[in-house]
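S.K.: The sequence shown begins at 0 in numbering that gives the first Met the number 0 and counts up one residue at a time.
Quick reminder that beta carbons are idealized off the backbone N, C-alpha and C, glycines included.
Input: one structure, supplied below.
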Amino acid sequence: MGRIQHLAIASQEPEKLADFYKEIFGWEEVKRLDNPRCHGVVLSDGAINISILKFKQDQIGHGLAFNGPHHFGVYIDDLDATADKCLAAHATPYDELPMDDKEPNYRARRSDKFKGPEGGLFDINDTPWLGAAPVKNAAE
Numbered sequence: 000m001g002r003i004q005h006l007a008i009a010s011q012e013p014e015k016l017a018d019f020y021k022e023i024f025g026w027e028e029v030k031r032l033d034n035p036r037c038h039g040v041v042l043s044d045g046a047i048n049i050s051i052l053k054f055k056q057d058q059i060g061h062g063l064a065f066n067g068p069h070h071f072g073v074y075i076d077d078l079d080a081t082a083d084k085c086l087a088a089h090a091t092p093y094d095e096l097p098m099d100d101k102e103p104n105y106r107a108r109r110s111d112k113f114k115g116p117e118g119g120l121f122d123i124n125d126t127p128w129l130g131a132a133p134v135k136n137a138a139e
C-alpha cells in the first residue's frame, strides 16, 4: 500500500510561510531549495515532508499566483510497476518539468509525476521523501 509522505504547498513567499508554520506548529526546516522548477523551504512534522514552494511553471493550471495545496506525493515499493498501474488507469504522465542534473532523485527513465482523472497532480517515489518518517517493511 502506498503511503503519503509529501505535501507541496504553493506560496508567493515560501520563506515567510515556512517561518509561520515553524513558529505555530514547531515543524522543523529540513532543506532550502532553488531549482529550475521552484524555490522554497522543505519542512517536516516528523512524519511527512511539507514543501512550501514558489513554482516557476504552472503545473496545475491555476497560474503562478496560486497559493495553497499543489500536489501530494506517495511512497511506493516499486516505481515502475506503480507507474504502469497509473498509465493503465489512464493517469496522464506530467513530463513538462525542467531537469536539474544536480538533483540525484530526479529520474529521467520515466515520469514520477502524474495527473489523475480530474487533473489533480501527484508524485510517486520509491525513495522516501526527505524528512518523512522511515518506511517499515511489511515483514516487520
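1) With L78 and D125 assumed to form a contact (beta carbons below 8 Å), what rounded beta-carbon distance in angstroms separates them?
2) By Cβ distance, which residues of its chain are closer than 6 Å to K73, with the 5 residues on each side in sequence left out?
3) Please state if the CB of V40 and the CB of E14 are separated by a distance shorter than 7 Å.
4) Report the partner residues of N66 according to the DSSP bridge assignment.
5) Considering only residues of the same chain and omitting the five flanking positions on each side of F66, which have a CB-CB separation below 7 Å?
6) Could you tell me the distance, in whole angstroms, from the CA atom of H61 to the CA atom of A131?
7) Mark F24 as exposed unless 16 or more other C-beta atoms lie within 10 angstroms of its C-beta, in which case mark it buried.
8) Quick check on P92: does DSSP put it in helix, strand or coil?
9) Pick out whichever of W128, P133, K135 has its Cα sitting closest to the Cα of V29.
10) Which of helix, strand or coil does DSSP assign to A80?
11) Helix, strand or coil: which one does DSSP assign to L86?
M.R.: Inspection of the coordinates gives the following:
1) About 4 Å; that satisfies the 8 Å criterion.
2) The identity of residue 73 in the sequence shown is Val, whereas the question assumes Lys. Contacts found: G1, I3, I123.
3) yes
4) Looking at the DSSP assignment, N66 forms no beta bridge with any residue, so it has no partner.
5) Note that residue 66 corresponds to Asn in the displayed sequence, not to Phe. These residues qualify, in order along the chain: A9, S10, Q11.
6) 28 Å
7) Result: exposed.
8) strand
9) W128
10) helix
11) helix
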